[in-house]
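Here the structure is laid out as structure tokens; the discussion comes afterwards.
Residue numbers (this note's numbering): 3 to 118.
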């Protein structure tokens with residue numbers, strides 16, 4: 003009888019230990035997956051950081067500052083004249099250019115299609 007109780011207790015202890023061991027293994031696998039995800043996220047953030055540093059270096063250059071001043075602020079160097087063309091005029095000119103379609107004879111049209 004004592005032998006049976008000892009065997010049952012040994013089996014229960016083995017089941018308990020096996021269950022806890024299985025839980026720890028699953029937790030380790032989940033931790034590995036989280037570590038992989040975080041490493042991937044870190045790689046993306048480092049790449050973005052590198053891009054931003056390169057952009058910052060570009061922005062610090064005098065050429066960039068001059069380009070922005072000319073294009074966005076309408077500034078010019080001494081002695082230069084700035085011409086501002088209204089958007090309506092630009093749209094009007096572009097529309098008139100696209101409306102002028104040249105009608106070519108058929109043989110020339112086919113030559114243009116195949117031998118552009």
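Even for Gly, the Cβ is constructed at its ideal location relative to N, Cα and C.
Separation of residue 12 and residue 52 (C-alpha to C-alpha, rounded to the nearest whole angstrom) is 59 angstroms. Here DSSP, grouped into helix, strand and coil, assigns residue 78 to coil. In the structure shown, residue 3 adopts coil according to DSSP, grouped into three states. DSSP, reduced to helix, strand and coil, places residue 106 outside both helices and strands of the structure shown, so it counts as coil. Between residue 84 and residue 76, the C-beta gap is smaller than 8 angstroms, which places the two residues in contact. Every alpha helix (DSSP H) of 4 residues or more that sits fully in the region 28 to 98 is shown, in chain order, as 64 to 75. Annotation for residue 60: 66 place their beta carbon closer than 7 angstroms to its own, counting only its chain and skipping 5 residues before and after.
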